[in-house]
DNA sequence: GCGCTCTGGTCATAATATTTTACCAATCAA
DNA sequence: TTGATTGGTAAAATATTATGACCAGAGCGC
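Residue numbers (the working numbering), protein chains in the order written: chain A, 1 to 255; chain B, 1 to 255.
Right, dumping it as structure tokens:
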């Protein structure tokens with residue numbers, strides 16, 4: 001049915017959303033103290049009880065903590081890389097997805113450059129091995145493809161010989177693996193995507209094996225640009241499917 | 001200040017938005033009768049007075065009209081191309097912008113192809129003349145650049161010798177001229193954009209003058225892809241500027 | 001150590017938004 | 001002409017939010 005139940009957002013929900021965005025964007029930092037309830041409610045234009053409802057919800061999510069007589073603070077644990085509360089925050093806000101891809105493009109381009117320059121023969125052999133498995137015509141599920149994709153990018157990261165970069169990207173990849181940013185199996189499910197992705201991985205592998213840092217960088221950027229475009233296309237397709245479904249329901253006269 | 005006044009959306013506003021989207025997406029068509037107030041309020045999960053508030057607002061915008069005893073109808077005038085109510089609807093919904101660009105890319109690629117094949121020597125001379133003005137090093141404002149841009153695309157459309165296409169695109173261009181879809185002067189204000197756009201216009205002109213339909217089509221698609229990307233970039237830059245401003249306000253501790 | 005100020009925490013009452021319910025007039029189909 | 005369904009209007013009830021007051025905890029200055 002094209003008409004859907006309407007629900008206006010509760011006031012406290014709008015407050016939660018605003019504070020979450022300030023935390024997500026790094027404007028409010030871990031450990032930082034917020035203005036007092038009285039000041040905050042004035043700035044937000046809501047009553048103290050409404051603000052307190054929102055603060056209670058944010059406390060429940062692990063993003064804020066308040067102490068009677070002291071104030072309200074952004075949770076310290078958000079400072080540790082990818083605490084559950086932060087991961088949950090990423091998962092619930094779309095803008096994190098494209099920031100993640102943008103950041104990953106930059107870091108992985110650096111890693112590929114370094115791999116082409118600094119990677120040992122063993123490193124390059126590992127990358128070639130993973131790529132050979134990807135290129136193998138053996139039947140695989142989208143999940144297997146996604147797993148090989150992770151192995152491939154991890155192998156390049158290993159070959160960059162920068163442990164800080166390595167561990168940071170590993171934890172981010174863990175989030176990707178758990179579907180926090182987007183469901184990456186979807187991209188492997190389409191034949192045309194898989195073929196294109198394989199070509200891109202081939203270009204990356206060839207550039208690294210040829211020890212061509214510039215080509216490696218270019219290939220990685222092109223690859224992640226493609227992934228981002230595929231995400232945009234997937235979302236547009238999802239949205240179009242919803243609209244088409246609404247039209248169908250309207251045409252069919254179903255409730 | 002990073003904290004902003006919170007205002008929850010009125011119930012009737014949410015209903016207005018949903019019905020507007022159904023009209024914008026073509027799900028509800030001009031002249032079509034909506035379900036009765038009683039049925040609609042049940043489907044939307046709101047009371048009849050709240051629904052009536054929304055319907056009154058949509059009537060004021062010229063999108064709906066209701067007749068006591070008969071029902072509520074989507075306004076017939078929406079069927080005529082770009083009635084004021086429809087234009088206003090486009091202006092207030094972002095999704096129309098990218099649909100417009102997508103559609104325009106397709107139509108103008110066709111027009112450029114036809115211009116390369118069917119354009120008379122006079123047609124081509126007009127296009128060349130407009131392009132020469134664009135390429136002239138004489139100082140011009142962004143508004144002048146935008147006006148020349150419109151003349152250039154109109155000249156190509158003229159040269160396509162398809163009056164239906166011509167008039168349809170003319171009215172769409174009128175909307176663009178009036179800033180309905182986006183403020184196109186902004187794109188001409190940056191030096192780098194202007195140079196890139198000039199190169200793209202040169203590629204289009206060269207292809208048409210050489211009577212190369214395929215090259216003309218490719219050049220137009222590349223040009224409008226660039227414009228779309230520039231819009232994305234501009235919006236992202238605007239959003240980043242807002243976030244940076246919030247951070248600055250937070251750092252400076254201003255209210 | 002005490003007093004003051006500011007903080008979070010709690011709660012009753014008032015104001016506003018929305019829902020519920022009832023009724024009237026217009027339109028259409030039988 | 002009549003009955004059913006429609007839009008149109010309005011009073012009363014309910015839910016949400018705001019206002020205002022008060023209490024307990026924390027921190028700072030004397």
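By construction, the Cβ of each residue, glycine as well, lies at the ideal position given by its N, Cα and C atoms.
Just so it is clear, the structure is predicted and the values come from calculations on it, not from any experiment.
Using the beta-carbon count (16 or more within 10 Å), is residue 115 of chain A buried or exposed?
-> As a first step, residue 115 of chain A is located in the first chain; it is residue number 115 there, counting from the start. Buried: at least 16 other Cβ atoms inside 10 Å.
Shorter than 8 angstroms from the beta carbon of residue 74 of chain A to some beta carbon of chain B?
-> Here residue 74 of chain A refers to the residue found at position 74 of the first chain. No, residue 74 of chain A lies away from the interface with chain B (no Cβ there is under 8 angstroms from its Cβ).
Say whether chain A places a C-beta atom closer than 8 angstroms to the C-beta of residue 18 of chain B.
-> The residue labelled residue 18 of chain B in the question sits at position 18 within the second chain. For residue 18 of chain B, the answer is yes, since a Cβ of chain A falls inside 8 angstroms of its Cβ.
Report back the beta-carbon spacing between residue 95 of chain B and residue 142 of chain B to the nearest angstrom; my notes put them in contact at under 8 angstroms.
-> Reading the second chain from its first residue, position 95 is the one you call residue 95 of chain B. Reading the second chain from its first residue, position 142 is the one you call residue 142 of chain B. Contact doesn't hold; Cβ gap of about 26 angstroms is too wide.
Residue nearest to residue 179 of chain B in terms of C-alpha spacing, selected from B:97, B:249, B:107, B:152 = Along the second chain, read from residue 1 onward, the residue named residue 179 of chain B stands at position 179. Answer by Cα proximity: B:97.
Under 8 angstroms by Cβ, that's how I've got residue 6 of chain A and residue 64 of chain B pegged, so tell me the actual separation to the nearest angstrom.
-> On the first chain, position 6 is the one that residue 6 of chain A refers to. On the second chain, position 64 is the one that residue 64 of chain B refers to. The pair is not a contact, with the Cβ atoms about 16 angstroms apart (cut-off 8 angstroms).
Pick from B:54, B:226, B:126: whose alpha carbon is nearest that of residue 184 of chain B?
-> Your numbering for residue 184 of chain B matches position 184 in the second chain. For residue 184 of chain B, the nearest C-alpha among the options comes from B:226.
On a CA-only basis, which of B:196, B:105, B:55 is nearest residue 12 of chain B? Give me that one, please.
-> Residue 12 of chain B sits at position 12 when you count from the first residue of the second chain. Considering only alpha carbons, the answer is B:55.
Which of the residues in the stretch 17-46 of chain A, read from start to end, lie with their CB under 7 angstroms from any CB of chain B?
-> 18, 22, 25, 27, 40, 43, 44, 45, 46
Can you find a C-beta in chain B that's less than 8 angstroms from the C-beta of residue 231 of chain A?
-> Here residue 231 of chain A refers to the residue found at position 231 of the first chain. No, no contact with chain B.
Mind checking who residue 66 of chain A pairs with in its DSSP beta bridge?
-> As a working mapping, residue 66 of chain A is identified with position 66 in the first chain. In the DSSP output, where bridge partners are listed per residue, residue 66 of chain A has A:72.
Using the DSSP secondary-structure output, state which residues sit across from residue 104 of chain A in a beta bridge.
-> Here residue 104 of chain A corresponds to residue number 104 of the first chain, with the count starting at 1. None, per the DSSP bridge assignment.
Spatial distance of residue 158 of chain A from residue 59 of chain A (CA atoms) = Walking along the first chain from the start, residue 158 of chain A turns up at place 158. Walking along the first chain from the start, residue 59 of chain A turns up at place 59. Roughly 38 angstroms between the two C-alpha positions.
Top-ranked residue by Cα proximity to residue 175 of chain A, from A:206, A:40, A:89 = Counting from one through the first chain, the residue named residue 175 of chain A turns up at place 175. Looking at the Cα atoms, A:89 is the closest of the given residues.
Using the rule of at least 16 other Cβ atoms within 10 Å of the residue's Cβ for burial, across every protein chain shown, is residue 255 of chain A buried or exposed?
-> Counting from 1 along the first chain, the entry for residue 255 of chain A is found at position 255. Here residue 255 of chain A scores only 41 on pLDDT, less than 50, and its place in the model should not be relied on; the value that follows carries that caveat. The residue in question, residue 255 of chain A, is exposed, as its Cβ has fewer than 16 Cβ neighbours within 10 Å.
Exposed or buried, residue 240 of chain B, counting other C-beta atoms within 10 Å across all chains shown (16 or more means buried)?
-> Looking up residue 240 of chain B in the second chain gives position 240. With fewer than 16 Cβ atoms within 10 Å of its Cβ, residue 240 of chain B is classed as exposed.
For residue 9 of chain B, return the contacting residues in chain A, with the cut-off set at a CB-CB distance below 7 angstroms.
-> Taking the second chain and counting its residues from 1, the one referred to as residue 9 of chain B is at position 9. Those are 8, 9, listed as they occur along chain A.
Applying a beta-carbon distance threshold of less than 9 angstroms, which residues of chain A neighbour residue 4 of chain B?
-> Working through the second chain from its first residue, we reach residue 4 of chain B at position 4. Those within 9 angstroms of residue 4 of chain B in chain A are 18, 43, 44, 45.
Hey, out of A:148, A:26, A:181, whose CA is closest to residue 102 of chain A's CA?
-> Residue 102 of chain A sits at position 102 when you count from the first residue of the first chain. Out of A:148, A:26, A:181, A:181 has the C-alpha closest to the C-alpha of residue 102 of chain A.
Partners in chain B for residue 250 of chain A, counting only beta-carbon separations shorter than 7 angstroms | Along the first chain, one-based indexing puts residue 250 of chain A at 250. Ordered by position in chain B, the residues that pass the 7 angstroms Cβ test against residue 250 of chain A are 27.
For chain A, find out if any of its Cβ atoms is closer than 8 angstroms to the Cβ of residue 128 of chain B; answer yes or no.
-> Here the question's residue 128 of chain B lines up with position 128 in the second chain. Output row for residue 128 of chain B: interface = no.
Quick one: which chain B residues come within Cβ less than 9 angstroms of residue 246 of chain A?
-> Counting from 1 along the first chain, the entry for residue 246 of chain A is found at position 246. Within 9 angstroms Cβ-Cβ: 22, 25, 27.
Check each candidate in A:92, A:18, A:16, A:148 and name the one with the smallest Cα separation from residue 198 of chain A.
-> In the first chain, the residue the question calls residue 198 of chain A occupies position 198. For the residues A:92, A:18, A:16, A:148, the minimum Cα distance to residue 198 of chain A belongs to A:148.
Rounded to whole angstroms, what's the CA-CA distance from residue 135 of chain A to residue 177 of chain A? Just pull it up for me.
-> Taking the first residue of the first chain as position 1, residue 135 of chain A is located at position 135. Taking the first residue of the first chain as position 1, residue 177 of chain A is located at position 177. Using only the alpha carbons, I get a separation of about 21 angstroms.
Kindly say whether residue 156 of chain B, judged by its beta-carbon, lies nearer than 8 angstroms to any beta-carbon of chain A.
-> Mapped onto the second chain, residue 156 of chain B falls at position 156. No, no contact with chain A.
Would you mind stating whether residue 216 of chain B and residue 207 of chain B have Cβ atoms separated by less than 8 angstroms?
-> The residue labelled residue 216 of chain B in the question sits at position 216 within the second chain. The residue labelled residue 207 of chain B in the question sits at position 207 within the second chain. Yes, the pair counts as a contact, with Cβ atoms nearer than the cut-off.
Following the continuous alpha helix (DSSP H) through residue 31 of chain A, name the residue where it begins and the one where it ends.
-> Position 31 of the first chain, counted from the first residue, corresponds to residue 31 of chain A. Run containing residue 31 of chain A: none; DSSP gives neither H nor E here.
So, is the C-beta of residue 14 of chain A closer than 8 angstroms to a C-beta in chain B?
-> Along the first chain, one-based indexing puts residue 14 of chain A at 14. Interface residue, yes.
Length of the line joining the Cα atoms of residue 76 of chain A and residue 21 of chain A | The sequence position of residue 76 of chain A within the first chain is 76, counting from 1. The sequence position of residue 21 of chain A within the first chain is 21, counting from 1. For residue 76 of chain A and residue 21 of chain A, the distance between alpha carbons rounds to 17 angstroms.
Where the alpha helix (DSSP H) containing residue 181 of chain A begins and where it ends = Position 181 of the first chain, counted from the start, is the residue given in the question as residue 181 of chain A. From DSSP, residue 181 of chain A is part of no alpha helix (DSSP H); its letter is neither H nor E.
Out of A:236, A:39, A:187, state which residue places its alpha-carbon closest to the alpha-carbon of residue 144 of chain A.
-> As a working mapping, residue 144 of chain A is identified with position 144 in the first chain. Closest option to residue 144 of chain A, Cα to Cα, is A:187.
Shortest alpha-carbon distance to residue 29 of chain A belongs to which of A:121, A:78, A:170, A:41?
-> By one-based count along the first chain, residue 29 of chain A stands at place 29. Closest option to residue 29 of chain A, Cα to Cα, is A:78.
Skipping 5 residues on each side, what residues in its chain have a beta carbon closer than 6 angstroms to that of residue 57 of chain A?
-> Here the question's residue 57 of chain A lines up with position 57 in the first chain. Excluding positions up to five away in sequence, the list reads 16.
Under 8 angstroms by beta carbon: chain B residues contacting residue 243 of chain A = Against the first chain, residue 243 of chain A aligns to sequence position 243. In chain order: 25, 27.
Within 8 angstroms, strictly: CB atoms of residue 32 of chain A and residue 73 of chain A = As a working mapping, residue 32 of chain A is identified with position 32 in the first chain. As a working mapping, residue 73 of chain A is identified with position 73 in the first chain. For residue 32 of chain A and residue 73 of chain A, yes; Cβs fall inside 8 angstroms.
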